[in-house]
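For the sequence shown, the residue numbers in the numbering used here are 882 to 1010.
First up is the structure itself, then whatever we jot down about it.
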Amino acid sequence: GAIDTIDRSRMEEDVTSLIDQFGICQRIQRTPIPPSYTLQLRLMLLAYCLTLPAALVEPHGWINLIMVLLVSASLLGIEEIGVQLENPFQHTVNDINLTAISVTIERDLRALAQLPTADAADGLPSTRR
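In C-alpha cells:
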C-alpha cells in the first residue's frame, strides 16, 4: 500500500537522523588520538612502573615484587584497552558487532514492511518470515 504523508515525513526524519548518526560514527573512526598523547601516556606509565619499587620503602621481600607486577600489569592493561577502544568499528573480537546489529535492524524493518528477509550469509531474499 501507499505511505501517507505523515508516515513519509516521519520516515524521512528517521533517515536524516540515521545519516547524521553515521556521520558521527565516521568522525569517531577518522579522529585518532594524537601520537604525542599516546607517547606521553606510555612514557609516564613506564616511569611510574619503574619507580614503583623505590616507592615501596618497607622491605617486604616477595610481596613488594608481587605488588609491583600487579600494579604494572593493571596499568599497562588499561592503557592497551584504551588503544583498542580508539577505533571501535574494526572487525576484531573487542569491537562493536555492527554486522549483527545491522542484520537485526534489517530483519525488523523487513518484518514491518512485510518483505522477505535476506540471508545474512549471501544477502539474498529467503522465504523465511
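A virtual CB, placed ideally from N, CA and C, is assigned to each residue, including glycine.
The beta carbons of E967 and I914 sit about 5 Å from each other, so the pair counts as a contact at 8 Å.
When C-alpha distances from L931 are compared across A954, S898, G942, T897, the shortest belongs to A954. In the three-state reduction of the DSSP assignment, D888 falls in the helix class. Look at F970 here: in three-state DSSP terms it is coil, with no helix or strand label. Proximity to G958 across D888, R923, D901, R891 peaks at R923, based on C-alpha coordinates. Per DSSP, V984 is one residue of the alpha helix (DSSP H) stretching across 979–994. Out of F903, I909, L956, the CA that lies nearest to the CA of A928 is found in L956. Annotation: A883 is outside any alpha helix (DSSP H) and is labelled neither H nor E by DSSP.
V949 and L933 have their alpha carbons spaced roughly 7 Å apart. For G942, the secondary structure class from DSSP, reduced to helix, strand or coil, is coil.
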